[in-house]
Amino acid sequence: NKEERVVLDLLFVKPSHQRMGIATQMVASAINSLYADGVKDLRCAYHICNEGSRAWQHSLGFQEIPDYFYCRLKAAWYRDEIWRCEQLGASEQLEELITERDRWEQLGQELEPWKES
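Take the working numbering: the final residue in the sequence shown is number 121, and no numbers are missing along the way.
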């Protein structure tokens, strides 16, 4: 049914078979089939702290559609990472983490008026 939302939710590849393009081929095949069926919108999800999955999904053309609560969660994760790096003395990552934290906090503030929508 073209009216239903199509979501790529969980996709796992056995660790011994990762980095061989298997997941990419699976998703490409699914996208082609969905497109042939007239489906124009495919949503996907990843664990908020899984930067590898986020990067992979972006490489396939997926774009983030953040909402207020997502932004708050993402900013909180960056705050925790900043604290962790400070405790470990890993200062080489701090500038990038602070930039990302500030970006997510700003976006969350911009989306706050619509958080109940």
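From the three backbone atoms N, C-alpha and C, an ideal C-beta is built for every residue, glycine too. A quick note: this is a predicted structure, and the numbers were derived from the prediction, not measured.
Quiz item: Using CA coordinates, which residue listed in Y39, W60 and S20 is at the minimum distance from T28?
Solution: Nearest to T28 by alpha-carbon distance, out of Y39, W60 and S20, is W60.
Self-check item: Cβ-Cβ distance between G112 and C89 below 8 Å
Solution: By the CB criterion at 8 Å, G112 and C89 fall outside the cutoff.
Quiz item: Should L98 go down as buried or exposed, given a rule of 16 or more other Cβ atoms within 10 Å for buried?
Solution: Label assigned to L98: exposed.
Quiz item: Rounded to a whole number of angstroms, what is the C-alpha to C-alpha distance between D106 and A79?
Solution: One C-alpha to the other measures close to 7 Å.
Quiz item: Opposite L12 in the DSSP bridges: which residues?
Solution: Answer is C48, bridged to L12.
Practice problem: Report the rounded CA-to-CA distance for A94 versus E8, giving the unit in angstroms. | Solution: About 46 Å.
Quiz item: Taking the C-alpha atoms as reference points, what is the distance between K18 and I26?
Solution: Taking the straight line joining both Cα atoms gives about 10 Å.
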